[in-house]
Amino acid sequence: MKRKDRPDGLQLITANSLPVLDALDKIGLLGKVQIVTTDLFQELIPIIEEGKVLASIYQRPYTQGKVAYENLLAHLLKQGNLRLTLRLAPTSFFAVTFRRSPIER
């Protein structure tokens, strides 16, 4: 079996993925390695649309804050039990997603 000079894929678990993507572009790996990022922002959209990034896991920060605030407010006003665990599923965005739905704001 031949040894590869590059990984097949990377998962970038940082909101600062652009510098990593720039570095991959400089060494000629952007678009050749499957990449999944975390968090979604405007500068990342064209890179996903060009197929250089496979997907981004959008953690829905607005919804996270809204749900936490509503839970805290309900508890303080004694209108509900404090939920110690709140689960909020992330959303994955692929290039085709941008043609169908807007990004949550």
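444 is the number that the working numbering gives to position 32 of the sequence shown; each next residue is one higher, with no gaps.
For glycine and all other residues, C-beta sits at the position ideal for the given N, C-alpha and C.
1. Hey, how far is the Cα of K464 from the Cα of N493?
2. Using three-state DSSP, classify I457 as helix, strand or coil.
3. Short of 8 Å in beta carbon distance, which residues of its chain neighbour E455, apart from the five on each side in sequence? Order them along the chain.
4. Going straight from the alpha carbon of Q491 to that of V479, what length do you get?
5. Classify V448 as helix, strand or coil using the three-state DSSP reduction.
6. Going by DSSP, which residues form a beta bridge with A486?
7. Determine, using beta carbons only, whether D451 and Y470 come nearer to each other than 8 Å.
8. Nearest to Q423 by CA position, among L466, F506, N483, R499, is which residue?
9. Rank G443, E482, D437 by C-alpha distance to the C-alpha of E462 and give the top, closest one.
The answer reads as follows:
1. 45 Å
2. helix
3. L430
4. 15 Å
5. strand
6. Answer is none; A486 lacks a bridge partner.
7. yes
8. L466
9. G443
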